[in-house]
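Number of protein chains: 2
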Amino acid sequence: MRTEDDASHDEAQIRALIDARIRAVQAKDVAGALACVDLDMVLFDVVTPLAARGADAESARLEEWFASFDGPIGYEMRDLDIVTDETVAFSYGLNHYSGRTQAGALDMWVRATTGYQKSGGVWRIVHEHQSTPFDPSTGRPSLDLEP
Amino acid sequence: MRTEDDASHDEAQIRALIDARIRAVQAKDVAGALACVDLDMVLFDVVTPLAARGADAESARLEEWFASFDGPIGYEMRDLDIVTDETVAFSYGLNHYSGRTQAGALDMWVRATTGYQKSGGVWRIVHEHQSTPFDPSTGRPSLDLEP
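Protein chains in written order, with the working numbering: chain S, 466 to 612; chain A, 466 to 612.
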């Protein structure tokens with residue numbers, strides 16, 4: 466029988482995984498960020514394409530994204546909910562990215578939903594979906610929304 | 466100990482929930498669609514706002530969206546993956562929406578990630594994230610992508 470202790474232990478492990486990934490992104494550490502994801506992860510990213518599969522796709526995306534910043538990447542999370550069972554979990558919340566990019570200042574909130582599986586005692590990210598909504602009245606993505 | 470039979474039973478229940486919701490959307494049946502969701506669900510929708518909470522928000526969104534169609538709503542899913550444990554599950558895949566709206570013909574693929582919890586023996590949707598990516602070279606949402 467699964468106890469509340471088991472559940473809070475799993476939630477703590479997932480929170481540690483999320484924290485490790487935040488630190489890796491802030492440090493532009495591709496290998497550190499990839500250590501958190503499953504080799505077969507499916508990525509629905511803020512920008513095109515529609516979908517990508519595999520740690521190689523995530524790696525290429527991170528390399529490109531990290532290189533677009535002049536200086537550090539600001540990355541904080543808000544309103545994070547984690548829902549976990551023994552081997553399956555998901556989380557959802559809002560990510561704030563900020564910094565100076567080659568295209569100008571970035572200061573953007575995106576929605577993030579992440580799916581996790583535990584295998585061999587280790588939680589890893591098997592799916593991630595990050596996005597901005599678009600405004601139907603203008604037909605443009607809403608990049609300046611705040612929670 | 467959880468068996469493969471248990472897992473396939475849960476996956477079948479979630480698949481039935483997904484199918485019921487597809488039929489409700491196709492029939493513009495708000496009550497039928499709401500029967501699939503938790504009262505406290507958190508919604509990250511294709512269009513603004515950034516986030517909304519509660520079945521009331523989902524209800525208002527569905528009413529407005531259904532009313533924007535002249536005639537039936539085309540709704541099919543592709544590449545659906547369901548990952549389930551005893552009481553927590555998530556799914557991700559691509560949704561194709563089509564039909565005639567007051568704004569013109571709609572024919573659009575979106576990414577969909579859904580989180581489920583089982584309570585009192587019944588699986589319900591507690592979180593849904595649907596989106597289109599945007600194209601950084603044009604700054605516009607990519608509404609014409611195909612899988």
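Don't be surprised by glycine CBs; every beta carbon is placed ideally from N, CA and C.
Next item on the list: State the DSSP-derived secondary structure class of G558 of chain A, mapped to helix, strand or coil.
Entry: strand
Notebook entry, point to check: Starting from R543 of chain S and walking both ways along the beta strand (DSSP E), at which residues does that stretch end?
Noted result: G539 to T549
Notebook entry, point to check: Which residues in the same chain as A489 of chain S place their Cβ atom closer than 6 Å to its Cβ, once the five residues preceding and following it in sequence are excluded?
Noted result: G497 and A498
Next item on the list: May I ask you to list, following chain order, the residues of the segment 539-561 of chain A that have a beta carbon less than 8 Å from some beta carbon of chain S?
Entry: D544, D546, V548, T549, D550, E551, T552, V553, A554, F555, Y557 and L559
Next item on the list: Mind listing, in chain order, the continuous alpha helix (DSSP H) runs of no fewer than 4 residues lying wholly within the segment 476-534 of chain S?
Entry: 495-499 and 520-532
Item checked: Distance, Q567 of chain A Cα to S596 of chain A Cα -> 21 Å
Margin query: Can you tell me which residues form a DSSP beta bridge with G564 of chain A?
Written below: A:L571
Note to self: Considering only the alpha carbon of each residue, which of A:V502, A:R543 and A:A492 lies closest to R518 of chain A?
What the structure shows: A:V502
Check: By the criterion of Cβ-Cβ separation under 8 Å, what are the contact partners of G604 of chain A in chain S?
Finding: R605 and P606
Check: beta strand (DSSP E) containing R451 of chain A: first to last residue?
Finding: Any answer about residue 451 of chain A is impossible in this case: the structure gives chain A only from 466 up to 612.
Notebook entry, point to check: If we call anything under 7 Å between Cβ atoms a contact, is A554 of chain S one with I479 of chain S?
Noted result: yes
Next item on the list: Pull up the distance between the alpha-carbon of S533 of chain S and that of Y540 of chain A, whole angstroms please.
Entry: 37 Å
Notebook entry, point to check: Alpha carbon to alpha carbon, what distance is there between P598 of chain S and P612 of chain S?
Noted result: 13 Å
Margin query: So the candidates are S:L504, S:A570, S:R467 and S:E476; which of them puts its Cα closest to the Cα of V591 of chain S?
Written below: S:L504
Check: Whose C-beta lies closer than 7 Å to the C-beta of G558 of chain A among residues of the same chain, with five residues either side of it excluded?
Finding: M542, R543, D544, L545, D546 and A577
Notebook entry, point to check: Near K527 of chain S, what residues of its chain come up, given a Cβ to Cβ distance below 7 Å and the 5 sequence neighbours on each side ignored?
Noted result: Lys is not the amino acid found at residue 527 of chain S; the sequence shown has Leu there. Closer than 7 Å at Cβ, skipping near neighbours: V495 and A498.
Check: Based on the DSSP output, what are the partners of G470 of chain S in its beta bridges?
Finding: What sits at residue 470 of chain S in the sequence shown is Asp, not Gly. Note: D470 of chain S sits in no beta bridge, so no partner.
Next item on the list: From the DSSP output, in three-state form, read off E612 of chain S for me.
Entry: Reading the sequence as shown, one finds Pro at residue 612 of chain S and not Glu. Coil, per DSSP.
Note to self: In the DSSP output, which residue or residues are listed as bridge partners for G536 of chain A?
What the structure shows: DSSP, once it has assigned bridges, lists no residue as partnering G536 of chain A.
Item checked: Nearest residue (CA-CA) to S584 of chain S, options S:R565, S:E523 and S:D550 -> S:D550
Check: By the 10 Å Cβ neighbour count, where 16 or more other Cβ atoms means buried, how is S556 of chain A classified, buried or exposed?
Finding: buried
Notebook entry, point to check: When the cut-off is 7 Å and only beta carbons count, does G580 of chain A lie next to chain S?
Noted result: yes
Note to self: So, with DSSP's three-state summary, where would you put P606 of chain A?
What the structure shows: strand
Next item on the list: Identify, in the order they occur along the chain, each residue of the same chain with its Cβ nearer than 6 Å to the Cβ of L482 of chain S, setting aside the five sequence neighbours on each side.
Entry: C501 and W588
Note to self: Can you tell me whether T579 of chain A is helix, strand or coil according to DSSP?
What the structure shows: strand
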